[in-house]
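Numbering (the UniProt record's numbering), first residue to last: 1 to 730.
Positions of the beta carbon are idealized from the N, C-alpha and C atoms, including for glycine.
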Amino acid sequence: MSPTSSPSTPPPRRPVRTAEPEALPLGDWLADLWSGRWLILGCTAVFTLGGGFLIWRATPIFQAESILQLKEKPGPGQDTSAVSKLDATGQELTEPGTEVEILKTDLILGRTVQALDLDLRAEPKLLPLIGAPLIRGRADAPILDLETLKVPERLNGKVFRVTALPGGAFQWSSPSGAPLAIGRPGEEIQGLVDGDVVRLKVKAMTARPGQVFRVFRKPLPAAIADLRRGFDASERGKGTNVLALTFRGPHPVKTANILNAIVNQYIQYKLDKRTGDATKTRALLEAKMAPLKASLDAAEARLNAYRTKYGSVDLSKEAETLLLQGANLNSQITALEQKKQETLRTYKENADVVVTMNKQIEKLKAEAAGFQARMRSLPSTQQEVVRLSRDVQVNTELYTALMNSVQQLQVTGAADVGAIAIVVPAAVNPEPIGARGSVLLAFYASLGFMAGIALTVLRHLLHPGIKDHRLVESKLGIPVLVTVPHSRDQEGHARSLEQRRKGVHLLAYQNADDLAVESLRSLRTSLLFMLRDKHPRTLMVTGPSPGVGKSFLSTNLALILTQTGTRVLLVDADLRRGILHAYFGLPTRQGGLSDVLTGRAPWRELVKETAVAGLDVLPTGLIPGDSAKLLLTETFRTFVEEAGAAYDYVIFDVPPLLPVTDAILIGAFMETTLLVAKFGKTSLDELAVCQQRLEAHEIKVAGCIFNDIEPLGLGYGHQDYTYAYHYKYK
Numbered sequence: 001m002s003p004t005s006s007p008s009t010p011p012p013r014r015p016v017r018t019a020e021p022e023a024l025p026l027g028d029w030l031a032d033l034w035s036g037r038w039l040i041l042g043c044t045a046v047f048t049l050g051g052g053f054l055i056w057r058a059t060p061i062f063q064a065e066s067i068l069q070l071k072e073k074p075g076p077g078q079d080t081s082a083v084s085k086l087d088a089t090g091q092e093l094t095e096p097g098t099e100v101e102i103l104k105t106d107l108i109l110g111r112t113v114q115a116l117d118l119d120l121r122a123e124p125k126l127l128p129l130i131g132a133p134l135i136r137g138r139a140d141a142p143i144l145d146l147e148t149l150k151v152p153e154r155l156n157g158k159v160f161r162v163t164a165l166p167g168g169a170f171q172w173s174s175p176s177g178a179p180l181a182i183g184r185p186g187e188e189i190q191g192l193v194d195g196d197v198v199r200l201k202v203k204a205m206t207a208r209p210g211q212v213f214r215v216f217r218k219p220l221p222a223a224i225a226d227l228r229r230g231f232d233a234s235e236r237g238k239g240t241n242v243l244a245l246t247f248r249g250p251h252p253v254k255t256a257n258i259l260n261a262i263v264n265q266y267i268q269y270k271l272d273k274r275t276g277d278a279t280k281t282r283a284l285l286e287a288k289m290a291p292l293k294a295s296l297d298a299a300e301a302r303l304n305a306y307r308t309k310y311g312s313v314d315l316s317k318e319a320e321t322l323l324l325q326g327a328n329l330n331s332q333i334t335a336l337e338q339k340k341q342e343t344l345r346t347y348k349e350n351a352d353v354v355v356t357m358n359k360q361i362e363k364l365k366a367e368a369a370g371f372q373a374r375m376r377s378l379p380s381t382q383q384e385v386v387r388l389s390r391d392v393q394v395n396t397e398l399y400t401a402l403m404n405s406v407q408q409l410q411v412t413g414a415a416d417v418g419a420i421a422i423v424v425p426a427a428v429n430p431e432p433i434g435a436r437g438s439v440l441l442a443f444y445a446s447l448g449f450m451a452g453i454a455l456t457v458l459r460h461l462l463h464p465g466i467k468d469h470r471l472v473e474s475k476l477g478i479p480v481l482v483t484v485p486h487s488r489d490q491e492g493h494a495r496s497l498e499q500r501r502k503g504v505h506l507l508a509y510q511n512a513d514d515l516a517v518e519s520l521r522s523l524r525t526s527l528l529f530m531l532r533d534k535h536p537r538t539l540m541v542t543g544p545s546p547g548v549g550k551s552f553l554s555t556n557l558a559l560i561l562t563q564t565g566t567r568v569l570l571v572d573a574d575l576r577r578g579i580l581h582a583y584f585g586l587p588t589r590q591g592g593l594s595d596v597l598t599g600r601a602p603w604r605e606l607v608k609e610t611a612v613a614g615l616d617v618l619p620t621g622l623i624p625g626d627s628a629k630l631l632l633t634e635t636f637r638t639f640v641e642e643a644g645a646a647y648d649y650v651i652f653d654v655p656p657l658l659p660v661t662d663a664i665l666i667g668a669f670m671e672t673t674l675l676v677a678k679f680g681k682t683s684l685d686e687l688a689v690c691q692q693r694l695e696a697h698e699i700k701v702a703g704c705i706f707n708d709i710e711p712l713g714l715g716y717g718h719q720d721y722t723y724a725y726h727y728k729y730k
């Protein structure tokens with residue numbers, strides 16, 4: 001664009017090419033992973049070390065197993081007599097699901113806690129995190145075995161302290177630290193805490209003098225919760241009635257003892273419950289035996305009195321049959337009526353089971369009425385004998401049935417033991433459960449490796465910078481003039497700039513054989529051909545955002561251009577954050593472009609000579625409050641024209657395009673515009689927006705400089721850098 005055109009009236013916009021979504025091939029993904037190799041290795045090492053520490057610190061867990069078999073058992077008071085035969089629901093089936101829930105109840109687990117004093121805790125005070133692993137497995141590990149700790153309920157959970165003393169003695173201290181008593185293992189000692197008497201008895205102690213133990217009694221609900229966390233019960237195979245019980249804990253012997261205690265408490269609970277039910281039933285039956293015995297005695301007395309009065313009466317075969325059948329029916333009716341009375345304790349009169357019993361009773365009574373009618377056809381003496389004999393037979397059978405039931409209930413506890421069989425009791429398992437340490441270590445290392453890969457990919461997604469310069473050409477149509485590799489020497493110069501050291505901090509000046517400098521020589525060659533027919537040769541170097549390296553490129557490019565015998569003026573046009581004066585060791589930025597634009601002094605008087613022959617620098621001057629307003633003045637146009645006529649090349653280092661508009665205002669007067677993209681930082685979308693803004697104001701981008709390429713060693717998008725390593729210019 002001609003430098004005489006005015007930036008105040010921008011021309012109409014024209015369509016520009018926009019960036020398409022970037023699709024990285026497999027090679028570039030591998031290159032990204034290779035660039036993040038130190039992150040991946042670091043994550044792997046951290047996870048491996050952390051996992052190793054956790055494995056070393058983790059307490060080994062042991063598991064004890066026990067197997068129970070549940071059987072069908074007869075209900076209380078059941079036998080093969082007439083009473084039991086009338087009850088079709090006499091068998092009580094033990095359901096595995098119900099028994100599993102009973103095993104896990106607070107009742108069973110609470111009894112176990114109290115039986116083994118699992119709510120008593122004595123823990124040695126050790127170094128945090130590493131104390132327990134350091135003493136694990138040692139013969140002299142501190143141990144305090146408590147026999148009793150009697151404290152009021154309000155002190156449950158409060159921590160007392162036991163300190164080992166020389167000679168095997170110990171001192172007992174209250175939760176507040178006040179001494180309570182001094183004792184020895186096997187002695188019961190006592191003290192006062194807020195007026196309440198507390199007692200302690202230590203069974204055994206192994207500790208060096210000065211070792212402190214934390215002693216406390218856990219509240220029962222908390223101790224039950226701890227026990228429940230390690231306990232599990234389930235049916236082994238559906239419908240097998242076999243229960244598999246497991247308990248996990250840090251001590252193999254104690255783990256087996258706890259599981260056996262749970263089984264014993266469960267069996268004792270079942271026996272207690274069964275015995276209680278049998279006792280209640282036996283009392284009920286015994287209460288019915290006395291009136292039934294009286295009825296039997298009265299029936300026998302009436303039969304004997306009748307026989308004495310009328311002598312022996314022979315019964316016909318029909319009469320004997322009627323006697324037996326009638327007695328049997330009366331026994332069944334009586335038994336059903338008793339069963340109905342027991343059922344009414346649970347069900348209402350209109351319940352289905354009660355209605356069914358009523359129908360059975362009515363049916364039996366109807367049959368008995370038929371026998372009564374047939375008996376009336378017998379002679380009167382035989383009728384009376386049959387009637388009296390039937391009463392005796394019915395009462396005798398009912399009384400005998402009750403006697404048998406009472407005798408069976410007396411041994412129901414012994415019979416109930418067989419309903420729960422301990423197939424396999426809990427035994428000590430010396431091998432801890434869980435994966436081996438080597439397997440866990442490999443798992444943690446794999447987890448760290450995957451975490452490193454995930455962080456590397458996440459870093460790429462959060463910073464979608466271009467890594468293949470060919471995408472700039474293929475997607476945006478901007479030619480890439482040169483790719484500049486990363487320079488470790490430049491890192492040192494950048495640190496010197498940050499620390500404001502004196503001297504010239506130019507890579508091309510201090511390290512002329514650096515690969516990055518060689519790349520800039522290639523850029524110089526391209527510019528010589530690109531600008532040979534143009535005059536004035538004004539050049540603007542900008543980028544999408546800060547930190548892409550435009551100042552590094554503009555300063556070193558200016559120095560390299562002077563090596564062809566040309567005169568170059570380097571203008572620091574970044575009137576916001578320009579620092580080009582520091583590259584050349586100038587002590588201050590004062591006396592520069594801002595002074596020219598405000599009319600304080602002509603530009604020729606403010607130009608600074610540098611240590612490089614043929615290279616002059618015009619710094620920013622004092623940072624103005626509104627740099628855009630100064631760039632719109634006629635003074636800036638005049639300065640560009642005069643500087644272009646006085647020098648072979650005039651290079652402007654301008655602010656980035658995206659944050660501010662200064663680059664657009666300056667670019668309107670430039671013959672050539674170079675856009676800088678940084679490897680792995682600048683995205684394709686950022687370059688597309690820069691291209692759109694520049695071309696919308698008819699500022700054509702002459703080319704792109706792909707800066708700070710990292711040596712990945714993988715992928716195929718960075719051949720220029722790879723070749724430079726194999727063929728280095730001398």
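Check	Outcome
Does any residue of chain C bring its CB to less than 8 Å from the CB of L615?	Here chain C cannot be found, since the structure has a single protein chain.
Would a C-beta distance cut-off of 8 Å place C704 and L481 closer than the cut-off?	yes
Is DSSP giving T163 helix, strand or coil here?	strand
Can at least three beta-carbon pairs, one atom from the region 474 to 488 and one from the region 506 to 522, be found at a separation below 8 Å?	yes
Determine the closest residue to P432 out of G50, A58, Q63, F53, with distance taken between C-alpha atoms.	Q63
Excluding sequence positions up to five away, which residues of its chain have a Cβ less than 6 Å from the Cβ of V159?	P175, R214, F216
Measuring only the C-alpha atoms, how far is L129 from D117?	28 Å
I need the DSSP call for Y649, collapsed to helix, strand or coil.	strand
Look at the alpha carbon of K203 and the alpha carbon of K104, and state the distance between them as a whole number of angstroms.	31 Å
Nearest CA to the CA of I466: which residue from L41, A45, L687, M205?	L687
Classify Q332: buried if its beta carbon has 16 or more other beta carbons within 10 angstroms, exposed otherwise.	buried
Using only the alpha-carbon positions, how far apart do F706 and L622 sit?	32 Å
Straight-line CA distance for A613 to T562?	7 Å
Can you name, in chain order, every residue of its own chain whose Cβ lies under 6 Å from the Cβ of A611, other than the five neighbours on each side?	V504
Report the rounded CA-to-CA distance for L630 versus R524, giving the unit in angstroms.	31 Å
May I ask you to report which of helix, strand or coil DSSP gives E710?	coil
With distances taken from CA atoms, which of A643, L109, F552, L458 is nearest A223?	L109
Given that a residue counts as buried once 16 or more other Cβ atoms are within 10 Å of its Cβ, and exposed if not, what is L127?	exposed
In angstroms, rounded to a whole number, what distance separates the CA positions of E710 and H486?	6 Å
Under three-state DSSP, which class holds S234?	strand
For T542, which beta-bridge partners are listed by DSSP?	L675
Work out the CA separation of G549 and Q499 for me, nearest whole Å.	18 Å
In or out: K270 buried (at least 16 other Cβ within 10 Å) or exposed?	buried
Apply the 10 Å Cβ neighbour rule to P602 and answer buried if 16 or more other Cβ atoms are within range, or exposed otherwise.	exposed
Please go through the same chain and pick out, in chain order, the residues whose beta-carbon is closer than 7 Å to the beta-carbon of G157, but skip the five residues on each side of it.	F216, K218, P219
Quick one: what does DSSP say Q563 is sitting in, helix, strand or coil?	coil
Please classify L520: does DSSP put it in a helix, a strand, or coil?	helix
Closer than 8 Å is the cut-off here; do at least three beta carbon pairs connect the region 50 to 66 with the region 249 to 263?	yes
Out of curiosity, what's the CA-to-CA distance linking E235 and G97?	7 Å
Considering just the uninterrupted stretch of the beta strand (DSSP E) at I420, what are its terminal residues?	420 to 424
Using CA coordinates, which residue listed in N241, H535, V197 is at the minimum distance from I67?	N241
Starting from the Cα of G230, find the closest Cα among E65, T542, G177, M530 and give me that residue.	E65
Name, in chain order, the residues that DSSP records as bridge partners for I67.	A244, V424
Is it the case that the CB of V212 approaches a heavy atom of the ligand SAH more closely than 7 Å?	In the structure shown, the ligand SAH is absent, as is every other ligand, since no ligand is present at all.
Does DSSP put E431 in a helix, in a strand, or in coil?	coil
Measuring CB atoms only, is the region 541 to 558 touching the region 670 to 689, in the sense that at least three cross pairs come out at less than 8 Å?	yes
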